[in-house]
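Input: a single structure, listed below in structure tokens.
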Amino acid sequence: MALASPAFVPVQTRSERLASTSVTDFPAVTGLEFEWKFIPLARVKHLTEGALDGSPTAFTYSVSAGTAVDWIDPSAPVVGTAGVPEDRAAANAWASVEKVLHIAVTGEDAAELVVRRDRFGSTARAAHVVIEAAPNSKGVVILEHHGSANLTENVEIVVGDNAQLTVVTVQEWDDEALHLSSHFARVGRDANLRHVIVSLGGSVVRVNPSVHLVAPGASIDSFGLYFADAGQYFEQRPYIDHQAANTRSRVNYKGALQGKGAHTVWVGDVLIGPHADGTDSYEQNRNLVLSEGTRADSIPNLEIETGNIQGAGHASSTGRFDDEQLFYLQSRGISEEEARRLVVRGFLAEIINEIGSPALEERLSAAVEAELVQAEAVRASALVQ
Amino acid sequence: MSVLKIEDLQVSVETEQGTKQILRGVDLTIGEGETHAIMGPNGSGKSTLAYAIAGHPKYQVTGGSVQLDGEEMLDKTVDERARAGLFLAMQYPVEIPGVSVSNFLRTAKTALDGEAPPIRSWIKDLDSSMTALRMDRTFRERNVNEGFSGGEKKRHEILQLELLKPKFAVLDETDSGLDVDALKIVSEGVNRAKETTGLGVLLITHYNRILRYVKPDFVHVFVAGRVAEQGGPELAVRLENEGYDRFLTGANVE
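First to last, the sequence lines map onto chains G and E. Residues in the first sequence are numbered from 1 upward in steps of one, following the UniProt record's numbering. Residues in the second sequence are numbered from 1 upward in steps of one, following the UniProt record's numbering.
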């Protein structure tokens, strides 16, 4: 006798979500799925089902002591050790790539490595990156994205025991760029991953990091910074999977939205598994709305499967510009325009200051400053009309 | 000689019950170096006067004028009033995350002077004012008002008063919530500003206590949105003994 299959079975826990490297395991995307609910699907649907160019795309990087950069075969044993796709676009990319970009951090105090990826062009492409930090290593890897893109990719991050790795991904794409990126991290015993997502440019940019704390003492500091202008869609869904005991996570994402149709989505999942005794976890997302016509979705989820934890909390807020802050600054002689910039810059500085690369912090401060000047101009012209 | 002249000032606010008039024709003239205390019961409009002078958007001026050396302030934006020489020490200053005290003070000073202060003399002034207000050096790196205790917020307001050097300052209940030691420190700061810059002060208070440390030249009793009585320092003593009851008869405050 066949069992009647129910029409809809909701996924009960985050860890039971379908994961596969085969694109055909995922049904065709309709836009009703929670993973695809918010995204402007018409702009990116082809990345979930169409043919992708998986040939290696040229890039540039700074030769840095204690690191190595190479193309490897998708069949290499390290590929797939940090995670497996959880959506159709990621699976499509996985199956399509001909080569995997391998970034190794081996030095105990490696020099900062900057990989500049700016030659994807407008062809629909697949990519795969593996960043591997050897046990006891320490390093900073920065992935910088510029130019045009029509890209779906997987980025694996393997952090060896006792290693300290910082990975920063900066999206400063051209206006039309499409970028779906699934990050998977596997953090070993007493190791720390500092993971930073900065999205400032592009049409649709989604970076979803899934972080697995697999051994005791593993920790993750997960940060995000985004500034969406008119028509831009930025999404990030950090998932922190506390598997082992005495693991620690801190998630802090901040975003600003300005201009008609600016849309940001943050979904923060924290799962504290049955063996994750002594977990210490906190996640938050804050959005600052600078004009009418924007939308910020912010959804924190917390699942706890053990009673013996140190702490678990979450916070989420989306607010308009605080007129009292403006009044206070102006009452000290500061012009309205400068006061607004000061407040927004201050709001985002909390994340920028956490990046851990002075050169990049300085550059991003300037990039945010440029966004603010542009935002002020848009606001001023709207007031005139 | 600088003069701040308030004439027949009328101010309303929007409430759920409709427009409500708070100030009903306030007349006050404050000369350079003078200290005027404004005392009065809760709800008499003291804070409204402070915020209306500073230009808070919540308060609608429906009549009258506020002139600084003959120049109308009510036509100006909040920051223009500050640059003209007005300062408001707030009762509940707002937190500004991510903006350090030192960045804030330098930005304000630059905006007021039209150019950045010379770094060496600025640091020296900042250090000496902070020392005098018994503020720890680490204070400079904290975010504006974030996590400040009540006393720290008030000291920070007076630090700004000393560094920004306005012509006239309105102190909105700067004394409330302070213990006697903090009250003395804050009062000394006000007195220093008066001595060094000829600051004129409009000191709004609920209590007589601060008037022992910051001596008023004039005392005004504020009732139902206007000045009901004025006199010298002796009036404050009388108010402390008698309270406001004799002013409240027939006064419809709310």
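Even for Gly, the Cβ is constructed at its ideal location relative to N, Cα and C.
### Query
Residue range of the beta strand (DSSP E) that G/F223 falls in?
S219 to A228
### Task
Give the straight-line distance between the Cα atoms of G/V384 and G/V378, rounded to the nearest whole angstrom.
10 Å
### Message
Within 10 Å of its beta-carbon, does E/Y92 have 16 or more other beta-carbons around it, so buried, or fewer, so exposed?
### Response
exposed
#### Entry: Beta-bridge partners of G/W266, as assigned by DSSP
G/Q236 and G/S298
### Task
Could you check what DSSP says for G/I334 in three-state terms: helix, strand or coil?
coil
### Task
Write down the C-beta distance between E/G200 and E/E34 rounded to the nearest angstrom, noting that I regard them as a contact closer than 8 Å.
5 Å
### Query
Candidates G/I309, G/R117 and G/L302: which alpha carbon is nearest G/H275's?
G/I309
### Query
Got a sec? Which residues, its chain only, sit under 8 Å from E/G150 by beta carbon, not counting five neighbours each side?
G177 and L178
### Task
Taking G/R332 as the query, report the chain E residues whose CB atoms sit under 7 Å from its CB, ordered along the chain.
A82, A108, Q160 and L164
### Query
Closest by CA to E/L9, which one among E/S2, E/F87, E/L23 and E/R238?
E/L23
### Task
Would you mind telling me which residues of chain E sit closer than 8 Å to G/D323, beta carbon to beta carbon, in chain order?
P57
### Task
Could you tell me the boundaries of the alpha helix (DSSP H) in which E/F247 lies?
D245 to L248
### Task
For E/M1, count neighbouring C-beta atoms within 10 Å of its own C-beta (all shown protein chains included) and say buried if the count is 16 or more, exposed if not.
exposed
### Task
With a 10 Å radius around its C-beta and 16 neighbouring C-beta atoms as the bar for buried, classify G/V373 as buried or exposed.
exposed
### Message
Check this for me: beta carbons of G/A256 and G/A375, under 9 Å apart or not?
### Response
yes
### Query
Would you say G/Y226 faces chain E, with C-beta separation under 9 Å as the test?
no
### Query
What number of angstroms, rounded off, separates the C-alpha of E/F168 from the C-alpha of E/L28?
13 Å
#### Entry: Within-9 Å CB hit, G/Y253 to chain E
no
### Message
Could you compute how far the alpha carbon of G/S219 sits from the alpha carbon of G/L225?
### Response
20 Å
### E/L161, buried or exposed, once every other Cβ within 10 Å from all chains shown has been counted against 16
buried
### Message
For E/A236, which residues in the same chain have their Cβ closer than 8 Å to its Cβ, ignoring the five residues on either side in sequence?
### Response
A37, M39, N208, L211, P216 and V219
### Query
Got a sec? Which residues, its chain only, sit under 6 Å from G/E156 by beta carbon, not counting five neighbours each side?
A82, V130 and F184
### Message
Using 8 Å as the cut-off, can you tell me whether the segment 276-287 of chain G makes contact with the segment 300-320 of chain G, which would need three or more C-beta pairs spanning the two stretches below that distance?
### Response
yes
### Task
Can you have a look at G/A42 and say buried or exposed, based on whether 16 or more other CB atoms are within 10 angstroms of its CB?
exposed
### Query
What residues of chain E sit near residue 392 of chain G, judged by a beta carbon separation below 8 Å?
In the structure displayed, chain G extends from 1 to 385; residue 392 of chain G sits before or after that span and is not available.
### chain G contacts from the segment 92-103 of chain E (Cβ-Cβ distance under 7 Å)
P93, V94, I96, P97, G98 and V99
### Task
Could you name the residues of the segment 334-354 of chain G whose beta carbon sits closer than 8 Å to any beta carbon of chain E, in the order they occur along the chain?
I334, S335, E336, E338, A339, L342, V343, R345, G346, F347, L348, A349 and E350
### Query
Touch check for the segment 167-174 of chain G and the segment 38-52 of chain G: three-plus C-beta pairs under 8 Å?
no
### Task
List in chain order: all unbroken beta strand (DSSP E) runs of 3+ residues lying wholly within the segment 21-106 of chain E.
35-39, 60-68, 86-89 and 96-100
### Task
Measure the alpha-carbon distance for G/F321 versus G/S381 and round it to whole angstroms.
18 Å
### Task
Identify which residue in G/L348, G/G217, G/G293 and G/E305 has its Cα closest to the Cα of G/N252.
G/L348
### Task
Could you name the residues of chain B that E/V78 contacts, counting a contact when the two beta carbons are closer than 7 Å?
Annotation note: the requested chain B is absent from the structure, which comprises protein chains G and E.
### Query
With a Cβ-Cβ cutoff of 9 Å, do E/L133 and E/R155 count as a contact?
yes
### Query
Ordered along the chain, which non-local residues of its own chain (more than five positions away) have a Cβ less than 6 Å from that of G/D269?
R14, Y239 and N301
### Query
Which residue spans inside the segment 152-237 of chain E form an unbroken beta strand (DSSP E) run of at least 3?
168-172, 200-205, 218-223 and 226-231
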